[in-house]
Amino acid sequence: MSNTDTARCAGGAAVSGPPLRGWARIAATIRTIIGAPDYAAYVAHVRAHHPEREPMGEREFVAERLNSRYEKPGSRCC
Amino acid sequence: MPRWLSALLWAAISLTGAGAIAFIALQRGETINAAWLLVAAVCTYAIGYRFYSKIIAAKIFALDATRATPAARLADGRDFHPTNKWIVFGHHFAAIAGPGPLVGPTLAAQFGFLPGALWIIVGVVLGGAVQDCVILISSVRRNGKSLGQMAKEEIGPIAGYTALVAVLGIMIILISVLALIVVNALKSSPWGTVTIGLTVPIAMFMGVYLKYLRPGRVLEVSAIGIVLLMLSLYVGRWAGTHPVLAPMFTLDGVTLAYALMVYGFAASVIPVWLLLAPRDYLSAFVKIGVVVALAVGIILVLPPLQMPAVTQFIDGTGPVFAGKVFPFVFITIACGAISGFHALISSGTTPKILENEAYARFIGYGAMLTESLVAIMALIAACVLTPGVYFAINAPAGLIGTTAESAAAMIATWGFTLSPTELTMLAAQVQESSLLSRTGGAPSLAVGMAKIFSDLLGGTNSMALWYHFALMFEALFILTTLDAGTRVGRFMLQDLGKHIWAPFGRVSWYPAVVTSSAMFVACWGFFLYQGVTDPLGGINSLWPLFGIANQLLATIALCVGTTVIIKMGKAKYAWMTILPMIWLVIVTMTAGTLKLFDPNPKLGFLAHARWVAEKVAAGELPPGVSDAAGAARLVFNDRLDAAVAAFFMISVIVILVDSMREWWAVLAGRKPMVSSEEPYTARAAA
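Top to bottom, those sequences are chains Z and W.
First residue of the first sequence: 60, per my numbering; consecutive thereafter.
First residue of the second sequence: 4, per my numbering; consecutive thereafter.
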């Protein structure tokens with residue numbers, strides 16, 4: 060697969076396409092730091108690399124991300 | 004920068020750092036300013052980062068900016084996605100920094116500020132940051148594998164299983180001791196209890212808001228959450244003086260312990276969007292905010308340190324916890340110097356989002372240095388209290404009695420002055436009924452922070468608000484570790500249990516979910532209850548167990564790191580991980596042996612069990628115990644604690660022997676010296 064787009068980082072996530080600007084960029088940054096799921100980045104990834112697939116819906120995506128986050132040690136420390 | 008200028012600059016940093024350390028170490032009898040500690044720490048960190056971490060980055064792993072990271076190669080828009088260097092740093096720091104670096108240094112302040120400060124500064128440069136960095140790079144080079152997987156694949160199945168069971172054991176002890184700290188902070192404090200209690204409905208409101216009202220608006224709902232959090236501070240104050248509500252929320256330790264168990268159980272069984280996730284967002288904001296505020300406060304106020312550099316309690320007679328400065332300062336302060344738990348983070352999310360492996364040095368080594376600085380600031384905040392006040396808050400009631408007068412009399416025999424009125428006045432200032440024996444570190448840190456903040460903003464009248472603010476944020480992120488940890492523990496139990504009975508492993512089958520959650524809560528709840536009802540205060544037995552457990556995990560991580568380095572053919576640099584590993588083995592084994600076999604009942608678990616049994620045989624009861632059943636429970640708890648310590652020590656030996664066998668086989672040529680790294684793939688140009 061071609062990684063030219065995903066390797067570029069725009070304000071916090073592997074967003075293909077034009078980099079985010081201004082508030083959107085700051086918001087994406089904060090979201091990543093606090094560990095909130097980034098649906099836009101996921102959709103952008105699927106569209107760019109797996110055009111044959113339909114991305115999950117937002118609710119489904121968020122639920123999947125959150126469940127996986129609290130399943131294993133490694134997201135939280137003492 | 005020209006070469007000579009750079010050389011000059013680093014020479015100046017070295018001289019400043021060395022000068023500050025020399026000044027701190029040689030100063031006797033006078034109070035020194037916190038600035039000296041900060042300068043010594045920051046200069047040492049700079050030198051460690053510039054020169055020591057370079058060996059890891061350049062000589063051992065030869066970090067290569069042209070090499071594709073798993074984030075790019077395996078990008079899936081979910082776990083793996085390349086992320087900006089600074090954001091990964093922020094994420095990694097928010098994940099590793101918890102209550103550990105705040106509580107450990109506060110407890111270790113009983114030895115004076117010098118032993119703790121030296122261990123934090125030296126330990127991080129030679130140990131903690133090395134561990135975090137090596138594990139991060141090892142995981143990045145192995146598609147983001149976890150520590151457990153790496154232990155199994157690099158060392159062997161025995162090490163792998165030991166690591167798995169050790170992690171489970173550590174989680175149990177960690178959660179129980181953190182819960183104990185919250186209980187001690189909220190005991191008979193209606194203001195604190197109401198404020199912390201309100202954070203639960205606030206989080207649930209945020210969860211519902213995110214799920215149904217405005218999906219995806221994480222920042223918007225976090226802003227609302229933070230405003231509600233501040234409001235809960237005022238609601239707490241109002242309730243704390245309310246004629247009906249105040250007595251209702253003035254709870255004893257046992258009630259609070261049960262409340263926390265119910266909370267942990269609920270967090271483990273209800274969906275994560277409702278409670279865990281929103282709490283986590285809130286906690287991340289509050290955590291970063293408070294760390295920054297503390298840094299600004301300390302830098303602007305530059306308070307003098309009231310605690311002497313070294314107290315007489317280095318001889319092991321300290322009231323906060325028993326044991327000499329060696330090995331117990333190295334057990335008491337884990338997070339901030341070296342914390343094995345970080346190896347789980349460094350092999351968790353971070354390696355999967357790292358955009359360029361050349362940044363691993365900045366993130367792995369750099370974030371740990373930052374956490375160490377937080378530990379230094381916590382030490383400073385604890386040491387701005389006069390020793391008299393510090394010991395009055397942190398010594399158990401069994402030692403100093405339950406009145407300001409008895410405490411002052413006892414503390415005077417230790418050579419520190421405390422006037423009973425000073426203590427009563429301080430308690431009134433922070434609007435608590437009493438500050439005596441509020442063990443666990445959180446309250447004394449909150450008083451110290453309130454002193455610093457009120458110096459800066461609001462004056463003495465604002466002490467109470469600042470105190471409860473500090474207490475709220477400590478409790479907030481302790482509870483975040485407690486609830487997320489209980490859920491993780493439940494998954495680990497289910498994963499182990501499915502080998503015995505397959506349906507037990509079904510993660511969304513309610514009978515299995517409820518049973519495994521209840522089992523895990525019962526495990527830590529048992530130790531929590533034991534701590535709350537312990538006449539010696541609980542921290543004395545549980546915190547060292549937690550320290551030993553955490554250092555055991557660090558030993559595992561350093562064994563994995565050493566194995567990775569040897570198999571890469573870089574054995575001549577393996578001393579970098581072997582050095583801290585040997586130190587930790589010495590420390591954990593010495594501390595473990597003392598906790599097990601020391602004849603002093605205050606220190607040795609078995610000696611304490613014998614002492615209680617002898618008292619009962621002689622027809623009396625130990626202080627703080629009301630009946631024979633209570634005494635029998637005490638004996639059982641001592642023996643259980645001894646067994647836990649022994650288990651951790653055996654784990655250290657198993658991992659060490661298994662690793663050495665593997666190293667020997669590779670170095671002697673009986674096993675091929677092949678690195679299990681993913682082969683090099685060129686990184687697409689950005």
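Built from N, CA and C at the ideal position, the CB exists for glycine as well.
These numbers were taken from a predicted model, which means no experiment stands behind them.
Item to check | Under 7 angstroms from the C-beta of W:Y284: neighbouring residues of chain Z | outcome: In chain order: I93 and A95.
Checklist entry - So W:M153 packs on W:S349, CB below 8 angstroms; how close in whole Å? => result Their Cβ separation, rounded to whole angstroms, is 11 angstroms, which puts W:M153 and W:S349 out of contact at 8 angstroms.
Item to check | Closest Cα partner of W:E477 within the set W:Q533, W:G147 and W:V450 | outcome: Distances from the CA of W:E477 to each of W:Q533, W:G147 and W:V450 were compared; the closest alpha carbon is that of W:V450.
Checklist entry - By the criterion of Cβ-Cβ separation under 8 angstroms, what are the contact partners of W:I108 in chain Z? => result Residue identity differs from the one stated: residue 108 of chain W is Pro in this sequence, not Ile. Going along chain Z, no residue has its Cβ under 8 angstroms from W:P108, so there is no contact; the nearest lies around 13 angstroms.
Checklist entry - Excluding five sequence neighbours on each side, which residues of the same chain lie with their C-beta closer than 7 angstroms to the C-beta of Z:A72? => result The predicted model places Z:A72 with a pLDDT of 41, which falls under 50 and marks its position as unreliable; any figure quoted below should be read in that light. Same-chain partners within the cutoff: A87, T91, D97 and A100.
Next on the checklist: To the nearest angstrom, how far is the alpha carbon of W:K290 from that of W:D486?
Outcome noted: Near 16 angstroms, if we compare the C-alpha coordinates of W:D486 and W:K290.
Checklist entry - For the 8 angstroms Cβ check, are there 3 or more pairs between the stretch 510-518 of chain W and the stretch 294-307 of chain W? => result No, the stretch 510-518 of chain W is not in contact with the stretch 294-307 of chain W.
Next on the checklist: Spatial neighbours of W:L637 within its chain, please: C-beta separation below 6 angstroms, excluding the five flanking residues on both sides.
Outcome noted: Cβ neighbours of W:L637 beyond the five flanking positions: V615.
Checklist entry - Any idea which residues DSSP pairs W:A685 with across the strands? => result In the DSSP secondary-structure assignment, W:A685 is bridged to W:R70.
Checklist entry - Distance, Cα to Cα, W:V224 vs Z:V121? => result Roughly 15 angstroms separates the two Cα atoms.
Checklist entry - Among W:S629, W:Y532, W:A65 and W:I301, which residue has its Cα nearest to the Cα of W:A37? => result The candidate whose alpha carbon is nearest that of W:A37 is W:I301.
Checklist entry - Within the chosen definition, does the stretch 405-422 of chain W reach the stretch 62-76 of chain W through at least 3 CB pairs nearer than 8 angstroms? => result Pairwise C-beta distances place the stretch 405-422 of chain W out of contact with the stretch 62-76 of chain W, as fewer than three of them are shorter than 8 angstroms.
Item to check | Nearest candidate by alpha-carbon position, reference W:G339, set W:S375, W:G326 and W:R364 | outcome: With respect to the C-alpha of W:G339, the residue from W:S375, W:G326 and W:R364 having the closest C-alpha is W:S375.
Item to check | W:W469 burial status per 10 Å Cβ neighbour count (16 or more: buried) | outcome: Counting other Cβ atoms within 10 Å of its Cβ, W:W469 reaches 16 or more and is therefore classed as buried.
Next on the checklist: Under 8 angstroms, Cβ to Cβ, is there at least one residue of chain W near Z:L125?
Outcome noted: Yes, contact with chain W.
Item to check | Nearest residue (CA-CA) to W:D189, options W:S436, W:Y683 and W:E680 | outcome: As written in the sequence, residue 189 of chain W is Leu, which differs from the Asp given in the question. The residue with the shortest Cα to Cα distance from W:L189 is W:S436.
Checklist entry - Taking DSSP as the reference, what is the three-state secondary structure of W:L659? => result In the displayed model, W:L659 falls within a helix according to three-state DSSP.
Next on the checklist: Mapping the DSSP letters down to three states, classify W:T47 as helix, strand or coil.
Outcome noted: W:T47: helix per DSSP, three-state reduction.
Checklist entry - Who pairs with W:T86 in a beta bridge, going by DSSP? => result Looking at the DSSP assignment, W:T86 forms a beta bridge with W:L357.
Item to check | Assigned secondary structure, W:P204 (DSSP; H/G/I helix, E/B strand, else coil) | outcome: The three-state secondary structure of W:P204, taken from DSSP, is helix.
Next on the checklist: Against W:W276, what residues of chain Z qualify as contacts under a CB-to-CB distance less than 8 angstroms, listed in chain order?
Outcome noted: The answer, in chain order, is V121, A122 and L125.
Checklist entry - For W:L129, which option in W:K155, W:M592 and W:I58 has the closest C-alpha, if you only look at C-alpha atoms? => result Across the set W:K155, W:M592 and W:I58, the C-alpha of W:I58 shows the shortest separation from the C-alpha of W:L129.
Checklist entry - Start and end of the alpha helix (DSSP H) containing W:Q432? => result For W:Q432, the uninterrupted alpha helix (DSSP H) run begins and ends at P423 to Q432, by DSSP.
Next on the checklist: What are the residues in the stretch 71-88 of chain W lying within 8 angstroms of chain Z by C-beta distance?
Outcome noted: Listed in sequence order: A71, A74, A75, R76, A78, D79, G80, R81, D82, H84, P85, T86 and N87.
Item to check | Cβ separation of W:P281 and W:M233, assumed to be a contact under 8 angstroms, to the nearest whole Å | outcome: Not a contact, Cβ separation roughly 16 angstroms.
Item to check | For W:P709, the nearest candidate out of W:P390, W:L372, W:V197 and W:G367 (CA to CA) | outcome: Because chain W in this structure spans residues 4 to 689, residue 709 of chain W falls outside the shown range and cannot be described.
Checklist entry - Looking only at DSSP bridge pairs, what is W:P307 linked to? => result Answer is W:N36.
Next on the checklist: Just to make sure I have the definition right: I need the residues of chain W whose C-beta is within less than 8 angstroms of the C-beta of Z:E117. Which are they?
Outcome noted: Residues of chain W whose Cβ lies closer than 8 angstroms to the Cβ of Z:E117 are, in chain order, P218 and G219.
Checklist entry - W:L499 lies in the alpha helix (DSSP H); which residues open and close that run? => result Looking at the DSSP string, the run of the alpha helix (DSSP H) that includes W:L499 is M466 to G500.
Item to check | Contacts that Z:R90 makes with chain W (C-beta to C-beta distance below 8 angstroms) | outcome: The contacting residues are V221 and L222.
Next on the checklist: Strictly under 8 angstroms for the Cβ-Cβ distance: is Z:A100 near chain W by that measure?
Outcome noted: At a cut-off of 8 angstroms between beta-carbon atoms, Z:A100 makes contact with chain W.
Checklist entry - Between the beta-carbon of W:L183 and the beta-carbon of W:G541, is there less than 8 angstroms? => result Cβ atoms of W:L183 and W:G541: closer than 8 angstroms.
Item to check | Contacts around Z:A66, its chain only, beta-carbon distance under 6 angstroms, and the 5 residues preceding and following it disregarded | outcome: Caution applies to Z:A66, whose pLDDT of 34 falls short of 50 and renders its modelled position unreliable; the model cannot decide the point.
Checklist entry - Skipping 5 residues on each side, what residues in its chain have a beta carbon closer than 8 angstroms to that of W:A249? => result Excluding residues within five positions, the ones whose Cβ falls inside 8 angstroms are P193, A242 and G243.
Checklist entry - Can you give the Cα-Cα distance for W:W527 and W:A270, rounded to whole angstroms? => result Across the structure, W:W527 and W:A270 are spaced so that their CA atoms are roughly 14 angstroms apart.
Item to check | 7 angstroms Cβ cut-off: residues of chain W touching Z:A83 | outcome: Scanning chain W for C-beta atoms nearer than 7 angstroms to the C-beta of Z:A83 yields nothing, as the closest lies near 11 angstroms away.
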